[in-house]
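Comments concern the structure below.
Numbering (the numbering used here), first residue to last: 75 to 210.
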């Protein structure tokens, strides 16, 4: 279900595009700057001078592709086992690897369904909380 809701300093939207839902928030940061938040990713735009309507001329975009789905390490630890290969299709909630931390083995499951584009870790590799493990 899509919606548009006015907030005190911007607009919140919920959009459905090709069976995917996106939550979008647009806020005016400064006189000529706007922040657009899509999910957990934020984009900063600057309004072009001399335009009567908002024209997003310059943007500082993250280097990562917005449509990639990244599986992040929930805690620091060591990769004990990897159960998927690049090119393989995984389902949401499928076990993809084991992360050992504090003498415990933690099963890491995919938050998304999709094709494995990149595996950025190797067995016995140490990772920090928030590191990207797998890209779908």
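Ideal Cβ positions, reconstructed from N, Cα and C, are used throughout, including at glycine.
In the structure shown, the three-state DSSP call for residue 105 is coil. Here residue 150 carries a coil assignment [DSSP, helix/strand/coil]. Excluding five sequence positions before and after residue 168, the CB atoms of its chain that fall closer than 7 Å to its own CB belong to 183 and 184, given in chain order.
Excluding residues up to 5 positions away in sequence, 96 and 97 lie with their Cβ nearer than 7 Å to the Cβ of residue 113 in the same chain. By alpha-carbon distance to residue 85, the top candidate from 92, 110 and 91 is 110. Straight through space, the alpha carbons of residue 92 and residue 157 are spaced by roughly 29 Å. Collapsing the DSSP output to three states places residue 188 in a strand. By the neighbour-count criterion, in which a residue is buried when 16 or more other Cβ atoms sit within 10 angstroms of its Cβ, residue 187 is exposed. Shown here, residue 157 sits in coil according to DSSP, grouped into three states, outside any helix or strand. Rounded to whole angstroms, the separation of the alpha carbons of residue 171 and residue 210 is 14 Å. DSSP places residue 195 in the coil class of the three-state scheme, outside both helix and strand. Its Cα nearest to that of residue 82, the residue 100 stands out among 100, 90 and 180.
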